[in-house]
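Novice:
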Amino acid sequence: MKWTIRKKFLLSYFVLFTLVAIFVQQVMKDSLAENSLAVIENDMKKLQYTTREYSKQFAQIHPPKEDLFEESGVGIAQELSKLQTQSVAIYDRQGQFVYEAVPIDQQFLVENQVYQMDSEQASAPELQAAFANKASFTRQDLEGGTLIYFAYPVYIDNEFLGVLRFTSDYTAMIKRNNSVLRSFTLLIASLFIGVFVISLFVTTRIIQPLLRLTEATKLVATGDYQQKVEVHSKDEIEVLANSFNDMQHSIKLHIDRVEQEKDKVLILEKMRTSFFNNITHELKTPLTTISGYAQIIGDPTFDDPEFLHKATQKIRLESDRMNRMVIDLIELSKSETSIVSKELKPIHLLPLIISVVEDMNIEAKRQQMTIEIEGVDHVILGNQDELQQIFINLLDNAIKYGIANTTIHVVLADSVVTVSNASERVPEEIRAHVFDPFICTKGIGSNGLGLTIVKQLVTKYNGMISFEYKQGKVEVSINFLTWQQVGNN
Numbered sequence: 361m362k363w364t365i366r367k368k369f370l371l372s373y374f375v376l377f378t379l380v381a382i383f384v385q386q387v388m389k390d391s392l393a394e395n396s397l398a399v400i401e402n403d404m405k406k407l408q409y410t411t412r413e414y415s416k417q418f419a420q421i422h423p424p425k426e427d428l429f430e431e432s433g434v435g436i437a438q439e440l441s442k443l444q445t446q447s448v449a450i451y452d453r454q455g456q457f458v459y460e461a462v463p464i465d466q467q468f469l470v471e472n473q474v475y476q477m478d479s480e481q482a483s484a485p486e487l488q489a490a491f492a493n494k495a496s497f498t499r500q501d502l503e504g505g506t507l508i509y510f511a512y513p514v515y516i517d518n519e520f521l522g523v524l525r526f527t528s529d530y531t532a533m534i535k536r537n538n539s540v541l542r543s544f545t546l547l548i549a550s551l552f553i554g555v556f557v558i559s560l561f562v563t564t565r566i567i568q569p570l571l572r573l574t575e576a577t578k579l580v581a582t583g584d585y586q587q588k589v590e591v592h593s594k595d596e597i598e599v600l601a602n603s604f605n606d607m608q609h610s611i612k613l614h615i616d617r618v619e620q621e622k623d624k625v626l627i628l629e630k631m632r633t634s635f636f637n638n639i640t641h642e643l644k645t646p647l648t649t650i651s652g653y654a655q656i657i658g659d660p661t662f663d664d665p666e667f668l669h670k671a672t673q674k675i676r677l678e679s680d681r682m683n684r685m686v687i688d689l690i691e692l693s694k695s696e697t698s699i700v701s702k703e704l705k706p707i708h709l710l711p712l713i714i715s716v717v718e719d720m721n722i723e724a725k726r727q728q729m730t731i732e733i734e735g736v737d738h739v740i741l742g743n744q745d746e747l748q749q750i751f752i753n754l755l756d757n758a759i760k761y762g763i764a765n766t767t768i769h770v771v772l773a774d775s776v777v778t779v780s781n782a783s784e785r786v787p788e789e790i791r792a793h794v795f796d797p798f799i800c801t802k803g804i805g806s807n808g809l810g811l812t813i814v815k816q817l818v819t820k821y822n823g824m825i826s827f828e829y830k831q832g833k834v835e836v837s838i839n840f841l842t843w844q845q846v847g848n849n
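Under the numbering used here, the sequence shown has 595 at position 235, and the numbering climbs by one with no breaks.
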C-alpha cells in the first residue's frame, strides 16, 4: 500500500492527538481524584474535631458513673447522626458494639450501610485501625453511589472511651467529578473531530498543487519543458511552484546553451589532445638527446675527451630543461585544480616586487639587461608565495624573450602591475594563444608554461591579465580587482 503524504499526516495527527488526549484525560482524572481525596480528608478532620468536642461537652454536662459510651452511647449516636446527617456507630472500650444511628432521610445510607457488630471480627480496616489508636477512613464504591467509612478512637482527659464510626454519603461529589470528566472527554472528542476535519481540508489544499507538480515533473523528465504550474496559495507551496517554473526555464536555457557550446567543447578537446601531445614531444626531445649521447659515450671503444665534455654539458642542459619543465607542469596542475585555500593577508606589492627584482637581477645581468621599478606601494589581500611566483614568472619571461642591453620596466600604478621589455616581433598566432601552454619561440630554453601559470594564479584571485605587443615592445599587465584591495585610502 502506498503511503501518501496525506495518509502519513493524518495518521501521525491521529496517533499524536490520541496520546495527548489520553494523557490529558488521565491528568484530569488524577487531579479530580486528588481533589476529592483532599476534600474527604479535610471533612474527616473537621468531623473528628467537632464530634470529639461534642463528646467532651456531653461528658461535662452529663458526667458518667463509669463508662460514658455504655451509659449514654445511644443518645450521643442519635444526636451526632442528626447534627452530621451521617450514620454514627459507637463501640465501647472493650470493642463491643453499643449502638448505631442512621438518618432516615438518607435513603442510600439506609439501603447500603454495612454494620460491624463486633470489632474483633470486623473486616472494616478503618475500625481495626481505630482500635489500634489510629484515625482512618475507607471508600466503598457501590452501584448507586459512594460511601466513606471513618473511625477514630475517642479520648477524654487521656482516658480511652471507645470508637466512633461514621458512614458518609459522597455520591453527589463523585458523580459531579464523573460528570466533569465526561464533559471534558466530550470536549476533547469534539476538538479531535473538528481539528481532524480542518486538517483533512488543509492537507487536501496542500496535496493538490503537489500532485500537479509531480505530473509536471514527469513531463519535464520526458523532455517537455513547457509545463507551467500555476499556484496562488500565497505560501510555501506557491514558492515551490514558482521555483519549479524557474528551474524548468533555467534547464531549458541550459540545454540551449549546451547545444551552443558543443563546438567549443570539441575545440577544447582538440586543445587538450594538443596539450598532451606537446607534453609528450617536449619531454621526448630532451630524453632522446640524453639517450643518444649516453649511448655514444657508453660505447667501450669511445675515446674522445672533447666530445665527452660536450656530451656531458649537453646532458646536463637537457636534464635541467626537463627538470624545469616538470616543475612548471606541477605548478600548472596545482594552479588549475586548486582553489584559493592558502592563508590570505594584506600584502604590500612594492616591497614584494623589489625583493623579486633583486633576485632576478642576477639572471638579468647574465643576459646583459637591467630591471627598473617605479610607482607607489599598494596593498592587496593575497598569499605572498603565490604573488611572488607571479612576478618571478613575469620577469623570467621578460628576461628570456627580451633583447640584450635593454631595460625591463616594472610599473606599479594603483592595483595594476605592468612588466614591459623590448622584444623581437611576436607573431600574431603566438599573441592569440600566448597564455596557452607550450606557446613559445623555439630554441631559447623555454618550455612555454610561464605565462600559463601566471594566468592561472591571477584567475584564482579573480584578477585580469593582458598581453600586448607594439612597436617592438611586449607589455604584460595584471589588474588586481578592487574588492581585494585593502588599506589604500
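Beta carbons: idealized from backbone N, C-alpha and C, even for Gly.
Are the beta-carbon atoms of S528 and Q456 separated by less than 8 Å?
Specialist: Position 168 of the sequence shown, counted from the first residue, corresponds to residue 528. Position 96 of the sequence shown, counted from the first residue, corresponds to residue 456. Not closer than 8 Å, so no.
Novice: How many Å lie between I752 and A782 at the Cα?
Specialist: As a working note, residue 752 is residue 392 in the sequence shown. As a working note, residue 782 is residue 422 in the sequence shown. Linking I752 to A782 through their CA atoms gives a straight-line distance of about 18 Å.
Novice: Please report the residue range of the alpha helix (DSSP H) in which A489 lies.
Specialist: The sequence position of residue 489 within the sequence shown is 129, counting from 1. Segment 485-491, the alpha helix (DSSP H) holding A489.
Novice: Take I763 and list the residues in its own chain whose beta-carbon comes closer than 6 Å to its own, dropping the five residues that flank it on each side.
Specialist: Counting from 1 along the sequence shown, the entry for residue 763 is found at position 403. Result list for I763: A782, in chain order.
Novice: Quick one: give me the first and last residue of the beta strand (DSSP E) that P706 is part of.
Specialist: As a first step, residue 706 is located in the sequence shown; it is residue number 346 there, counting from the start. For P706, the enclosing beta strand (DSSP E) starts and ends at 705-708.
Novice: Tell me where the alpha helix (DSSP H) around V470 begins and ends.
Specialist: For this step, residue 470 is matched to residue 110 along the sequence shown. Bounds of the alpha helix (DSSP H) holding V470 are 467-472.
Novice: On the premise that L704 lies in contact with T563, defined as a C-beta separation below 8 Å, what is that separation, rounded to the nearest angstrom?
Specialist: Stepping through the sequence shown from its first residue, residue 563 is reached at position 203. Stepping through the sequence shown from its first residue, residue 704 is reached at position 344. That pair is no contact at about 51 Å.
Novice: Which same chain residues end up closer than 8 Å to A495 when comparing Cβ atoms and leaving out the 5 residues on each side of it in sequence?
Specialist: The count along the sequence shown starts at 1 and reaches residue 495 at position 135. So the qualifying residues of the chain are M404, Q408, A489, F510, A511, Y512, P513.
Novice: Output the distance between the C-alpha atoms of H708 and Q749, rounded to the nearest integer angstrom.
Specialist: If you number the sequence shown from 1, residue 708 lands on position 348. If you number the sequence shown from 1, residue 749 lands on position 389. Near 15 Å, if we compare the C-alpha coordinates of Q749 and H708.
Novice: With L741 as the anchor, note down where its beta strand (DSSP E) starts and where it stops.
Specialist: Residue mapping note: residue 741 aligns to position 381 of the sequence shown, counting from 1. Looking at the DSSP string, the run of the beta strand (DSSP E) that includes L741 is 739-742.
Novice: Tell me, which residues are paired with P424 by DSSP?
Specialist: Here residue 424 refers to the residue found at position 64 when the sequence shown is read from its first residue. None; P424 has no bridge partner.
Novice: Using three-state DSSP, classify K389 as helix, strand or coil.
Specialist: Taking the sequence shown and counting its residues from 1, the one referred to as residue 389 is at position 29. If DSSP states are grouped into helix, strand and coil, K389 belongs with the helices.
Novice: In this structure, does DSSP put P463 in helix, strand or coil?
Specialist: Residue numbering aside, residue 463 sits at position 103 when the sequence shown is read from its first letter. It is coil, neither helix nor strand.
Novice: Could you give the first and the last residue of the continuous alpha helix (DSSP H) run that contains F561?
Specialist: Here residue 561 refers to the residue found at position 201 of the sequence shown. Looking at the DSSP string, the run of the alpha helix (DSSP H) that includes F561 is 531-581.
Novice: Between Y414 and G522, which are expected to be in contact by the criterion C-beta below 8 Å, what is the C-beta distance as a whole number of angstroms?
Specialist: Here residue 414 refers to the residue found at position 54 of the sequence shown. Here residue 522 refers to the residue found at position 162 of the sequence shown. Y414 to G522, Cβ: 14 Å. No contact.
Novice: Assuming the contact rule is C-beta atoms closer than 8 Å, N472 and L440 should be a hit. Round their C-beta distance to whole Å, please.
Specialist: Looking up residue 472 in the sequence shown gives position 112. Looking up residue 440 in the sequence shown gives position 80. The Cβ separation is near 20 Å, so there is no contact.
Novice: For V589, which residues of its own chain have a beta-carbon under 8 Å away from its beta-carbon, when the five flanking residues on both sides are left out?
Specialist: Within the sequence shown, residue 589 is the residue found at index 229, counting from 1. Excluding positions up to five away in sequence, the list reads P569, R572, L573, A576, A601, F604, N605.
Novice: Under the three-state reduction of DSSP, which class applies to V700: helix, strand or coil?
Specialist: Counting from 1 along the sequence shown, the entry for residue 700 is found at position 340. Unreliable positioning characterises V700 in this predicted model, as indicated by a pLDDT of 47, which lies under 50. The coordinate reading is nonetheless provided below. In this structure, V700 counts as coil in the three-state DSSP scheme.
Novice: Considering only the alpha carbon of each residue, which of I731, N822, A654 lies closest to N765?
Specialist: Working through the sequence shown from its first residue, we reach residue 765 at position 405. Considering only I731, N822, A654, the residue with the shortest C-alpha distance to N765 is I731.
Novice: Is the separation between the beta-carbon of V548 and that of Q385 shorter than 8 Å?
Specialist: For the purposes of this step, residue 548 is taken as the residue at position 188 of the sequence shown. For the purposes of this step, residue 385 is taken as the residue at position 25 of the sequence shown. The amino acid occupying residue 548 in the given sequence is Ile; Val does not appear at that position. Result yes, Cβ atoms of I548 and Q385 sit closer than 8 Å.
Novice: Quick check on E486: buried or exposed, where buried means 16 or more other Cβ atoms within 10 Å of its Cβ?
Specialist: Locating residue 486 in the sequence shown gives position 126, where the first residue counts as 1. The residue in question, E486, is buried, as its Cβ has 16 or more Cβ neighbours within 10 Å.
Novice: Please classify R525: is it buried, with 16 or more other beta-carbons within 10 angstroms of its beta-carbon, or exposed?
Specialist: Numbered from 1 along the sequence shown, position 165 holds the residue referred to as residue 525. R525 sits buried, since 16 or more C-beta atoms from the chains shown fall within 10 Å of its C-beta.
Novice: Taking 8 Å as the threshold (C-beta atoms), are Y373 and S559 in contact?
Specialist: As a first step, residue 559 is located in the sequence shown; it is residue number 199 there, counting from the start. As a first step, residue 373 is located in the sequence shown; it is residue number 13 there, counting from the start. Yes, the pair counts as a contact, with Cβ atoms nearer than the cut-off.
Novice: Over the uninterrupted beta strand (DSSP E) stretch that includes M824, give me the two end residues.
Specialist: Stepping through the sequence shown from its first residue, residue 824 is reached at position 464. Taken as a continuous stretch (DSSP letters only), the beta strand (DSSP E) holding M824 covers 824-830.
Novice: By Cβ distance below 7 Å, which residues in the same chain neighbour R412 in space, the five residues on each side in sequence not counted?
Specialist: Mapped onto the sequence shown, residue 412 falls at position 52. For R412, where only same-chain residues beyond five positions count, the Cβ hits under 7 Å are V514.
Novice: Using the Cα positions of F491 and A532, report the straight-line distance between them to the nearest angstrom.
Specialist: Locating residue 491 in the sequence shown gives position 131, where the first residue counts as 1. Locating residue 532 in the sequence shown gives position 172, where the first residue counts as 1. Approximately 30 Å, taken between the alpha carbons.
Novice: Please name the residue, chosen from G505, K368, V599, S610, that lies closest to Q466 on a Cα-to-Cα basis.
Specialist: Residue mapping note: residue 466 aligns to position 106 of the sequence shown, counting from 1. Measuring from the Cα of Q466, the nearest candidate turns out to be G505.
Novice: Please report the straight-line C-alpha distance between K820 and I740, rounded to a whole angstrom.
Specialist: Here residue 820 is taken as the residue at index 460 of the sequence shown, counted from 1. Here residue 740 is taken as the residue at index 380 of the sequence shown, counted from 1. Those two C-alpha atoms are separated by around 14 Å.
Novice: Residues in its own chain within less than 6 Å of I650 by CB, not counting five upstream and five downstream?
Specialist: Sequence index remark: in the sequence shown, residue 650 carries index 290 (1-based). Excluding residues within five positions, the ones whose Cβ falls inside 6 Å are I675, E678.
Novice: Closer than 6 Å by C-beta to V399: which residues in its own chain qualify, once you throw out the five before and the five after it? Chain order, please.
Specialist: The residue labelled residue 399 in the question sits at position 39 within the sequence shown. Cβ-Cβ distances below 6 Å link V399 to nothing in the same chain once the five nearest sequence neighbours on each side are left out.
Novice: Report the option in R785, F468, L747 whose CA atom is closest to the CA atom of Q816.
Specialist: Stepping through the sequence shown from its first residue, residue 816 is reached at position 456. Nearest option by C-alpha distance: L747.
Novice: Report all residues from its chain with a CB closer than 6 Å to the CB of S826; omit the five preceding and five following residues, and keep chain order.
Specialist: Residue 826 sits at position 466 when you count from the first residue of the sequence shown. Answer for S826: S837, listed in chain order.
Novice: Ends of the alpha helix (DSSP H) at A764?
Specialist: The count along the sequence shown starts at 1 and reaches residue 764 at position 404. Element bounds for A764: n/a, residue is neither H nor E.
Novice: Which first and last residues belong to the beta strand (DSSP E) in which A511 is found?
Specialist: On the sequence shown, position 151 is the one that residue 511 refers to. Looking at the DSSP string, the run of the beta strand (DSSP E) that includes A511 is 506-516.
Novice: I'd like the span of the beta strand (DSSP E) that includes F497, first residue to last.
Specialist: As a working mapping, residue 497 is identified with position 137 in the sequence shown. Note, F497: beta strand (DSSP E), 496-501.
Novice: Kindly indicate which three-state DSSP category T527 falls into: helix, strand or coil?
Specialist: What you label residue 527 is simply residue 167 of the sequence shown in a count that begins at 1. DSSP places T527 in strand when its eight states are reduced to three.
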